[in-house]
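**Q**
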């Protein structure tokens, strides 16, 4: 009897310990799979900047918010198919890239902006030029720089959420920054 | 360190800060998560439809079976000839006395058997309903004395009268047997009531 009690006590402690050891995204994903709508809100809050940054690197800014929502809806519908729960960030990033590619496949021909609208947008000209310069960089540098400069993430956060190694992120940041400086004509 | 600011925002880097400030306009503005569809994980809307399809198929099969059976039944009925004439007449057996008297008088040529033709429905064998209005068959053991009288009468009666006489005798004998049955029953009831009275 005491042995059994000890066993149960030990198993509870180990379960609690494993729960503590489990990273937060894994727990959130498991809760979402169990039908917890609040957990989905947490997941959205946690990864929305990442998805937004990845989409912003590829798609016109006006479209990004809609595509972010679409990405999370698609993720919610297919979350039970995700085997590696800890890789949810990388999985979301992949869905976001696919959605961005799909946007261009389905894109309708657009019309040029009128003169008035162009003048209104002049206040953001510098930001647009910088963003355009970043978008012109290779995809790996572009994504990392947008996550760093636009979304305000640190290198460590980018590594954790995208599933890349910190070293890869560091290299991408430095090489991307170097190329961006060249494009913008900034001297180091 | 300049590079530390790019990595973890520690230290200072005016150039990167300027870029950050410029690009802040494009930063993700916190929005509410998308409205979730109800019961995403319950992906079984097909079942009722499948059940309905199965029921519909069963009903259709039953309807087809009934219709085909009805058609077969109709065709089978139409194939059978409506009436088949049975030409053969049925001659009633004659008693030994009648055979003996045949030389004395000739019974009229009455069709002994009336054949009622009926369409067949379920079986291949043709059923024929026979209404017997033939001359009575008189048992020799019971009618010995009567036959003797008949012999005497036959000498004076015509053939038609003889036939009528036989019919009458038959009716009387049937009536007598029925009366006897009735009498037996009455006697039995009386006995029963008497036995019950004695018991009481």
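Chains as they are written, first to last, in the working numbering: chain E, 532 to 719; chain A, 161 to 360. Every residue, glycine too, gets a C-beta built ideally from N, C-alpha and C. None of these values were measured; they are calculated from a predicted model.
(1) List the residues of chain A that residue 592 of chain E touches, going by C-beta distances under 8 Å, in chain order.
(2) Count the other C-beta atoms from every protein chain shown that fall within 10 angstroms of the C-beta of residue 589 of chain E, then say buried if there are 16 or more, exposed otherwise.
(3) Residues of chain E with CB closer than 9 Å to the CB of residue 180 of chain A, please, in chain order.
(4) Under the three-state reduction of DSSP, which class applies to residue 697 of chain E: helix, strand or coil?
(5) Pull out every residue of the segment 666 to 678 of chain E whose Cβ sits closer than 7 Å to any Cβ of chain A, in chain order.
(6) Is the CB-CB distance between residue 167 of chain A and residue 680 of chain E below 8 Å?
(7) Using CA atoms only, rank isn't needed, just tell me which of A/171, A/173 and A/185 is closest to residue 659 of chain E.
(8) For the alpha helix (DSSP H) containing residue 571 of chain E, name the first residue and the last one.
(9) Could you confirm whether any beta carbon from chain E is found closer than 8 Å to the beta carbon of residue 171 of chain A?
(10) Give a yes or no on whether the minimum CB-CB distance between residue 620 of chain E and chain A is below 8 Å.
(11) Closer than 7 Å, Cβ to Cβ, to anything on chain A: give me those residues from the segment 564 to 582 of chain E, in chain order.
(12) Kindly indicate the opening and closing residues of the alpha helix (DSSP H) around residue 599 of chain E.
(13) When we look at the beta-carbon of residue 232 of chain A and count the other beta-carbons within 10 Å, is it buried (16 or more) or exposed?
(14) Taking buried to mean at least 16 other C-beta atoms within 10 Å of its own C-beta, is residue 591 of chain E buried or exposed?
(15) Do the segment 560 to 568 of chain E and the segment 577 to 587 of chain E meet, that is, are 3 or more Cβ pairs less than 8 Å apart?
(16) Does the Cβ of residue 332 of chain A have 16 or more other Cβ atoms within 10 Å, making it buried, or fewer, making it exposed?
(17) Using 8 Å as the threshold, is the C-beta distance between residue 668 of chain E and residue 610 of chain E below it?
(18) Measure the beta-carbon distance from residue 626 of chain E to residue 606 of chain E and round it to whole angstroms, keeping in mind my assumption that it falls under 8 Å.
(19) Assuming contact is defined by CB atoms lying nearer than 8 Å, are residue 571 of chain E and residue 193 of chain A in contact in what I supplied?
(20) Quick check on the DSSP output: the alpha helix (DSSP H) that includes residue 637 of chain E runs from which residue to which?
(21) For residue 603 of chain E, does the count of other Cβ atoms within 10 angstroms reach 16, so buried, or fall short, so exposed?
(22) Helix, strand or coil for residue 187 of chain A, going by three-state DSSP, please let me know.
**A** According to the structure data:
(1) The answer, in chain order, is 186.
(2) It is buried - the Cβ of residue 589 of chain E has at least 16 other Cβ atoms within 10 Å.
(3) What residue 180 of chain A touches in chain E: 679, 680, 681 and 683.
(4) Correct three-state label for residue 697 of chain E: helix.
(5) Listed by position along the chain: nothing, the set is empty.
(6) No. Outside cutoff.
(7) Closest in C-alpha terms to residue 659 of chain E, from the list A/171, A/173 and A/185, comes A/185.
(8) Following the DSSP letters along the chain, one finds residue 571 of chain E inside the alpha helix (DSSP H) bounded by residues 568 to 587.
(9) Look at residue 171 of chain A: its C-beta is not under 8 Å from any C-beta on chain E.
(10) Interface residue (Cβ-Cβ distance to chain A less than 8 Å): residue 620 of chain E is not classified as such.
(11) Cβ contacts with chain A come from 566, 568, 571, 572, 575, 579 and 580.
(12) Annotation: the continuous alpha helix (DSSP H) that includes residue 599 of chain E extends over 592 to 609.
(13) By the 10 Å Cβ count, residue 232 of chain A comes out exposed.
(14) Residue burial annotation: residue 591 of chain E is exposed, with fewer than 16 other C-beta atoms found within 10 angstroms of its C-beta.
(15) Fewer than three Cβ pairs drawn from the segment 560 to 568 of chain E and the segment 577 to 587 of chain E lie within less than 8 Å of each other, which leaves the two stretches out of contact.
(16) With fewer than 16 Cβ atoms within 10 Å of its Cβ, residue 332 of chain A is classed as exposed.
(17) The Cβ atoms of residue 668 of chain E and residue 610 of chain E lie no closer than 8 Å to each other.
(18) Contact holds; Cβ gap of about 6 Å.
(19) Contact: yes.
(20) In this chain, the alpha helix (DSSP H) harbouring residue 637 of chain E covers 619 to 637.
(21) Residue 603 of chain E is buried by the Cβ-count criterion.
(22) Coil, per DSSP.
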